[in-house]
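A quick write-up on the structure given underneath.
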Amino acid sequence: MTHPSHADAASDAVSHLSAGTPVVLTVIIPVLNEEKGLDKLLARLIPVLEREVASFEIVFIDDGSSDGTFDLIEARNASDPRIKAVSFSRNFGKEIAVAAGLRHAHGQAVIVMDSDLQHPPELIPKLIEGWRKGYDIVYGRRTHRDADGPARRFLARIFYRTFRALSGTRLHDDAGDFRLLSRRAVIALNQLGERARFNKGLFAWVGFKSLGVDFEVPDREDKTPSRWRPRQLWHFALDGLFSFTTVPLRIWSYLGLVISLVALAAMLFIMINTLIYGNPVRGYPTLIVSILFFGGIQLISLGVIGEYLGRVYEEVKARPLYIVGETIGVTPVEGDTRRASETRPQDETAA
Ligand code: UDP
Ligand code: MG
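In this text, residue positions in the sequence shown follow numbering that gives the first Met the number 0: the first is 0, and each later residue adds one.
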């Protein structure tokens, strides 16, 4: 505890808290229509947290639920003020819910987890242990993804392969969204203002020392299907790719070059064939095929440019990431302008 900024950071952290006591750990949990499973989750989560840390808060981000999720959290808050919530004005998607959670988390460490008990609370001690050893990011590593169904697993594998090949960013191996972040990792993440949120990529992008902890993913506790609709997952994959690489923009120049060279060769071949050997040109099939081929290529490349252009448009509009409808017991972490370098991962662990 000889680090010069330590005392400042501690008093800083305290001054951000409405209650006046430092919170060691914040657990943020995005929820969409999860009223059925919530009590079961709390019953397993709270004892673990009480054993592990001196103080904690659980911040639910209600991502536009249409069932009684928010009322339930409100009722639980009345008896246990450590249970808090931010409620969105509509559904903004899980990734944005996590971003909102990070901006409302006051803990010196922050854990992100799902509400459906696919992220077992019993892993939390291991995450905290990694943090206390000095790791900034401790993530749950899924040993298998049987809970996901074969099609989704297959597509996920293709996606991660493509992602690795195209973007320089190396994602944490087999990491889901179950993870612990140190305060300075949270500060770094809160500085990223982009709208296309691909948290897995952002977590890896901010860097810092990270550690994987294995766990098995059980089925969703209430056996209801995943809250992600296939269309959402598809857009999520595109967002992930396009926000981490511009390679798709560049391939067209190379492809164009190759095709031009081939066209040049074909032209020479045809000229020699007709002028020197006097063979008549039978062009119709080749003509149709090449028109369709190049038409296709051009449309694809336009589409790719469009993907980027659309994202540029979304970003320059600079709308807020989300709109908060109601809150229970939370305030945004404002004025935490400390640079990530001014804090250390294990700052202000349990006294
Ligand atoms: N979720 C959310 N907004 C959404 C979709 C999901 O907040 O638009 C929450 C959901 O309530 C759950 C977590 O994100 O707590 C993970 O969702 P789910 O279990 O459906 O996803 P999967 O495990 O299939 O990735
Ligand atoms: Mg789930």
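Ideal placement from N, C-alpha and C gives every residue a C-beta, glycine not left out.
Give a yes or no on whether the C-beta atoms belonging to residue i and residue j are separated by under 8 Å.
i    : j    : result
V22  : G106 : yes
V52  : V329 : no
E306 : F197 : no
S86  : D61  : yes
I327 : E34  : no
F243 : S166 : yes
S209 : V137 : yes
L24  : L48  : yes
D173 : R141 : yes
A108 : L191 : no
N32  : S78  : no
N189 : L101 : yes
R75  : L41  : yes
I28  : A104 : no
Does any C-beta atom of chain B lie closer than 8 Å to the C-beta of residue i?
i    : result
P119 : Protein chains in the displayed structure number just one, and chain B is not present.
Following a CB-centred definition, is residue i positioned closer than 7 Å to any heavy atom of ligand 3?
i    : result
S209 : Ligand 3 is absent from the structure shown, which contains only ligand 1 and ligand 2.
Since residue i sits in a beta bridge, which residues does DSSP pair it with?
i    : result
K83  : V58
R89  : DSSP output for R89 lists no bridge partner at all.
A174 : R140
A108 : L24, S181
P29  : I60
Can you give the Cα-Cα distance for residue i and residue j, rounded to whole angstroms?
i    : j    : result
D335 : L170 : Only weak support exists for where D335 lies, its pLDDT of 46 falling under 50; the value from the coordinates is given anyway. Using only the alpha carbons, I get a separation of about 27 Å.
G282 : F268 : 13 Å
P331 : I258 : 54 Å
G302 : E193 : 22 Å
L291 : W204 : 40 Å
R182 : G200 : 18 Å
H2   : Q231 : Its pLDDT being 44, under 50, H2 is placed unreliably by the model, and the measurement read from it follows with that caveat. The straight-line gap from Cα to Cα measures roughly 45 Å.
G148 : E313 : 33 Å
K125 : G324 : 35 Å
L263 : A96  : 53 Å
G277 : F241 : 51 Å
L298 : I304 : 10 Å
H234 : W227 : 11 Å
V246 : R81  : 46 Å
W251 : P224 : 39 Å
P284 : T273 : 17 Å
T68  : I127 : 28 Å
G295 : V315 : 30 Å
R131 : L308 : 43 Å
State the CB to CB distance for the pair residue i and residue j, rounded to an integer number of angstroms; the pair is presumed to be in contact (CB under 8 Å).
i    : j    : result
V111 : R178 : 6 Å
V212 : L122 : 6 Å
E215 : H143 : 7 Å
A98  : L320 : 6 Å
F207 : A184 : 5 Å
S114 : L237 : That belief does not hold up - the Cβ atoms of S114 and L237 are roughly 26 Å apart, past 8 Å.
R310 : A195 : 6 Å
G175 : G139 : 6 Å
Grab the span of the beta strand (DSSP E) containing residue i for me, first residue to last.
i    : result
F293 : Counting along the chain, F293 falls outside any beta strand (DSSP E), though it belongs to the alpha helix (DSSP H) covering 283-316.
G139 : 136-141
D213 : 209-214
I327 : 323-327
Starting from residue i, trace the alpha helix (DSSP H) in both directions and tell me its first and last residue.
i    : result
T68  : 68-78
N278 : No alpha helix (DSSP H) holds N278; DSSP gives it neither H nor E.
R230 : 229-243
P46  : 34-51
G129 : 123-131
R169 : R169 -> no alpha helix (DSSP H), and no H or E assigned at all.
V246 : 246-270
L201 : 198-204
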